[in-house]
Amino acid sequence: MGLPCVFVRLTGCNLRCDWCDTQYAYDEGTEYTAEALISIIEKFNVKLVEFTGGEPLLQKNKLIPIMEHLLSKDYKILLETNGSILVKDIPEEVVKIIDIKLKGSGEGGTFLAKNLNLIRKKDEIKFVLSSIFDYNEMKDIIIKNHLEESKSILVSRVFGSEITDEQIAEKLLKDGLTVRYQIQLHKLIWGDKKGK
Ligand code: SF4
382 MGLPCVFVRL TGCNLRCDWC DTQYAYDEGT EYTAEALISI IEKFNVKLVE FTGGEPLLQK
442 NKLIPIMEHL LSKDYKILLE TNGSILVKDI PEEVVKIIDI KLKGSGEGGT FLAKNLNLIR
502 KKDEIKFVLS SIFDYNEMKD IIIKNHLEES KSILVSRVFG SEITDEQIAE KLLKDGLTVR
562 YQIQLHKLIW GDKKGK
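With our numbering, the residue at position 52 of the sequence shown is 433, and numbering never jumps.
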């Protein structure tokens, strides 16, 4: 968090989270050829690129060659995905950030269990909390699947939800969960303003 990063948001999503703050990504956007997109990315002169959505793996066949090209130019690539699509065939160097949707999202249970076998140490699992119920569900999932032992875990909060940062921080400390709690820095700086 906090590093300059080119954020590429791909159109289309197979889920409909109740608190989704990027609904414009369901069908809005501009079509680019791979070459045009790469040229836009290169103009930023920043060597860190994150592909997100929507759900970027819906366009996996187009995305993989783009990621491979950027990797060959020494870019570091992050791929954020909603956990409902198998994360196989992603280039080894790409860091995957994989959501496990909780019940409070309205899309609980969409995580593909097979994905747990495809997550390496450098990848990250992400939970987004909207309530104490979500916190408790997350804790159960972490403990039941021994996630702390072998996976990096990110936790954040739905902006404006009933559970507060302070409540989450206190519960994490009390429960001794080794996770990284993140505040949505871009929301603090820019609110709901869209990127260009
Ligand atoms: S997966 Fe992401 S883009 Fe899709 S509905 Fe949920 S929050 Fe929105």
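Ideal Cβ placement from N, Cα and C applies to all residues, glycine included.
Source: prediction; values computed, not measured.
Using a C-beta cut-off of 8 Å, the stretch 430-441 makes contact with the stretch 386-399, since at least three inter-stretch Cβ pairs fall below that distance.
With a cutoff of 8 Å on beta-carbon distance, residue 393 and residue 439 are scored as near each other.
The alpha carbon of residue 484 has as its nearest neighbour, out of 522, 546, 547 and 402, the alpha carbon of 522.
Residue 479 and residue 461 have their alpha carbons spaced roughly 6 Å apart. Taking 3 residues as the shortest admissible run, the stretch 411-445 contains the following complete beta strand (DSSP E) segments, listed from N- to C-terminal end: 429-433. In the structure shown, residue 512 falls within a coil segment according to DSSP collapsed to helix, strand and coil.
Along the length of the stretch 485-550, whole beta strand (DSSP E) runs at least 3 residues long occupy 505-510 and 533-538, reported in chain order.
When the Cα atoms are used, residue 395 and residue 442 turn out to be separated by approximately 16 Å. A residue is called buried once 16 or more other Cβ atoms fall within 10 Å of its Cβ, and residue 538 is buried on that count.
In the displayed model, residue 456 falls within coil according to three-state DSSP, outside both helix and strand. Selection 450, 493 and 454 evaluated against residue 468 yields 493 as nearest (Cα-Cα).
Taking a cut-off of 8 Å for Cβ pairs, the stretch 557-572 and the stretch 515-534 touch, as three or more such pairs fall below it. If you check the CB distance, residue 481 and residue 451 do not come in under 8 Å.
Going by DSSP, residue 568 is part of the alpha helix (DSSP H) stretching over 566-571. The beta carbon of residue 455 lies closer than 7 Å to those of 428 in the same chain, with the five residues before and after it left out. Shown in chain order are the residues whose CB sits closer than 6 Å to a heavy atom of the ligand SF4: 394, 396, 397, 398, 401, 403, 406, 434, 435, 436 and 463.
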